[in-house]
Amino acid sequence: MRGPLFAALSTTLLASALSLYPSTASGQGVCGQYTLAFYELGALYYRNAAGEHVGIDKDVVDELSRRSGCKFNTVVESRVRIWDQLAKHKLDLSVSGIATPERQQFAEFLPYFQTRNFALLRRDLAATITTPDAFLADPLRRVAVVKSFKHGPVFDAWLAQLRGQRRVEELPDFDSVLRVFKAGRVDAMLALPTSLARVPGADPMLDQISIMDWAPNDSIAHALIVSRERVSPADLALLRAGLQSMQKDGALEAIFRRHVDSSLAHVMRLESP
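Numbering of the sequence shown is given in the numbering used here, commencing with residue 852 and proceeding in unit increments.
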């Protein structure tokens, strides 16, 4: 069934200096300085016409800093390197992460929005490959994804089968995935609505693809990622309280609306604090 997220997507279609950043939390009533890493991905973090970084994640971090009193030194990195640095306890925080049991061993996750992935196929191919099982059944078909990304229960299980058949191309960032897909080197790609929101509306690709809602029951929470080793429990509590207050008073949805259309912003809201 096509729900409000699908409708929102249809209307919206439309960073290596991280190795040893010290955390300088004083433990004396001052939260931070902490190093927080952004990564570029669609409406979450992107450059505007003036070349400045803007986006949902930046606005969330700015408002969270104001409410919590926590101070952040920010950097821009690749998603692969961010996860590596977090796992090695060399980075304090990052944004819009998906929790897994493995990741929860080294980080706390403080959710602030939810969404799910869609599959993008060329329109002519989508006429015959209408389900993920149909894609699996055709051994010639390949998909591209961003390396280290998690895509939700349905797509992660599907990708595990495709990886076993060496039919997944793993690339460092979303722009690389998009280029490979547009060049016809793969038959499908996965994307969040917030990623496609920044694809230029005049891009002719948009007239040649179908958006397949293959995981309609997935709802994936994206969270602030906080190092268990490098961020103090007191500061973690400040960050948690700050995000919860932003959810309760509507500040989070107001931030979403600055960067995506109102229908998508509405369905990105978390169901509960």
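Virtual Cβ for every residue (Gly too), placed ideally from N, Cα, C.
Alpha carbon to alpha carbon, what distance is there between residue 902 and residue 1114?
Locating residue 1114 in the sequence shown gives position 263, where the first residue counts as 1. Locating residue 902 in the sequence shown gives position 51, where the first residue counts as 1. Rounded to whole angstroms, the gap between the alpha carbons of residue 1114 and residue 902 is 27 Å.
Is DSSP giving residue 944 helix, strand or coil here?
To locate residue 944, count along the sequence shown from 1; it is residue 93. Strand, per DSSP.
In angstroms, rounded to a whole number, what distance separates the CA positions of residue 907 and residue 1109?
Numbered from 1 along the sequence shown, position 56 holds the residue referred to as residue 907. Numbered from 1 along the sequence shown, position 258 holds the residue referred to as residue 1109. Going by the C-alpha atoms only, they are around 8 Å apart.
Going by DSSP in three states, residue 1021 sits in which element: helix, strand or coil?
The count along the sequence shown starts at 1 and reaches residue 1021 at position 170. Strand at residue 1021.
Using a Cβ-Cβ cutoff of less than 7 Å, which residues in the same chain neighbour residue 916 once the five nearest sequence positions on both sides are dropped?
On the sequence shown, position 65 is the one that residue 916 refers to. Same-chain partners within the cutoff: 922 and 923.
Can you tell which of 911, 984 and 919 has the C-alpha that lies nearest to the C-alpha of residue 881?
If you number the sequence shown from 1, residue 881 lands on position 30. Closest option to residue 881, Cα to Cα, is 919.
Please state whether the Cβ-Cβ distance between residue 1072 and residue 933 is less than 9 Å.
Within the sequence shown, numbered from 1, the residue matching residue 1072 stands at position 221. Within the sequence shown, numbered from 1, the residue matching residue 933 stands at position 82. Not a contact, by the Cβ cut-off of 9 Å.
Give the straight-line distance between the Cα atoms of residue 996 and residue 1085, rounded to the nearest whole angstrom.
Locating residue 996 in the sequence shown gives position 145, counting from the first residue. Locating residue 1085 in the sequence shown gives position 234, counting from the first residue. Going by the C-alpha atoms only, they are around 37 Å apart.
Mind listing, in chain order, the continuous beta strand (DSSP E) runs of no fewer than 3 residues lying wholly within the segment 917-1000?
923-927, 944-948, 958-966, 969-973 and 994-997
Okay, do the segment 982-1001 and the segment 1073-1081 touch, 3+ Cβ pairs below 8 Å being the bar?
no
For residue 1024, I'd like the list of residues in its chain whose CB is within less than 8 Å of its CB, leaving aside the five on either flank, ordered along the chain.
As a working mapping, residue 1024 is identified with position 173 in the sequence shown. These residues qualify, in order along the chain: 890, 891, 892, 929, 930 and 997.
Counting pairs of beta carbons, one from the segment 942-956 and one from the segment 1029-1041, are three or more of them closer than 8 Å?
no
For residue 889, list the residues DSSP reports as bridge partners.
Translated into the one-based positions of the sequence shown, residue 889 becomes position 38. Bridge partners of residue 889: 927.
So residue 1074 and residue 963 are supposed to be a Cβ contact under 8 Å. How far apart are they, rounded?
Position 223 of the sequence shown, counted from the first residue, corresponds to residue 1074. Position 112 of the sequence shown, counted from the first residue, corresponds to residue 963. About 7 Å; that satisfies the 8 Å criterion.
Using a Cβ-Cβ cut-off of 6 Å (strictly less than) and excluding sequence neighbours within five positions of residue 899, which residues of its own chain qualify?
Here the question's residue 899 lines up with position 48 in the sequence shown. Answer for residue 899: 905, listed in chain order.
In the DSSP output, which residue or residues are listed as bridge partners for residue 1040?
By one-based count along the sequence shown, residue 1040 stands at place 189. In the DSSP output, where bridge partners are listed per residue, residue 1040 has 971 and 995.
Hey, residue 894 and residue 1111 are a contact pair by Cβ (cut 8 Å); roughly how many whole angstroms apart?
For the purposes of this step, residue 894 is identified with residue 43 of the sequence shown, where counting begins at 1. For the purposes of this step, residue 1111 is identified with residue 260 of the sequence shown, where counting begins at 1. Sure, about 5 Å apart at Cβ, within 8 Å.
Residue 972: which of 1029, 1045, 1106 and 888 sits nearest, CA to CA?
On the sequence shown, residue 972 is found 121 positions in, with the first residue counted as 1. The shortest C-alpha to C-alpha distance from residue 972 to any of 1029, 1045, 1106 and 888 is the one to 1029.
For residue 992, which residues of its own chain have a beta-carbon under 6 Å away from its beta-carbon, when the five flanking residues on both sides are left out?
As a first step, residue 992 must be located in the sequence shown, where it is residue number 141. Within the same chain, Cβ atoms closer than 6 Å to the Cβ of residue 992 are found at 986 and 1038, the five residues on either side in sequence being excluded.
Between the Cα of residue 957 and those of 966, 1033, 941 and 994, spot the shortest distance and give me the residue it belongs to.
Residue numbering aside, residue 957 sits at position 106 when the sequence shown is read from its first letter. Comparing Cα positions, the closest option is 941.
Would you kindly check if the distance between the Cβ of residue 1091 and the Cβ of residue 961 is under 9 Å?
The sequence position of residue 961 within the sequence shown is 110, counting from 1. The sequence position of residue 1091 within the sequence shown is 240, counting from 1. Result yes, Cβ atoms of residue 961 and residue 1091 sit closer than 9 Å.
How would you label residue 978, buried or exposed, when you count the other beta carbons within 10 angstroms and need 16 or more for buried?
One-based indexing of the sequence shown puts residue 978 at position 127. Exposed.
If you compare alpha carbons, which of 990, 1018, 1005 and 1045 is closest to residue 1067?
Translated into positions along the sequence shown, residue 1067 becomes position 216. When each option's Cα is compared against that of residue 1067, the closest is 1005.
Identify, in the order they occur along the chain, each residue of the same chain with its Cβ nearer than 7 Å to the Cβ of residue 1010, setting aside the five sequence neighbours on each side.
To locate residue 1010, count along the sequence shown from 1; it is residue 159. 996, 1002 and 1019, listed in sequence order.
Are the CB atoms of residue 1116 and residue 914 nearer to each other than 9 Å?
Translated into positions along the sequence shown, residue 1116 becomes position 265. Translated into positions along the sequence shown, residue 914 becomes position 63. Taking 9 Å as the Cβ cut-off, residue 1116 and residue 914 do not qualify as a contacting pair.
Compare the beta carbon distance of residue 888 and residue 947 with 9 Å and say whether it is the shorter of the two.
Position 37 of the sequence shown, counted from the first residue, corresponds to residue 888. Position 96 of the sequence shown, counted from the first residue, corresponds to residue 947. Not in contact: residue 888 and residue 947 (Cβ atoms no closer than 9 Å).
Please look up how many angstroms separate the CB atoms of residue 1059 and residue 974, rounded, as I've assumed it's under 8 Å.
Against the sequence shown, residue 1059 aligns to sequence position 208. Against the sequence shown, residue 974 aligns to sequence position 123. Confirmed, Cβ separation roughly 6 Å.
Alpha carbon to alpha carbon, how far is residue 1017 from residue 1065? Give it in angstroms, no decimals.
Within the sequence shown, the letter at position 214 stands for residue 1065. Within the sequence shown, the letter at position 166 stands for residue 1017. Looking at the two C-alpha atoms, the distance is approximately 21 Å.
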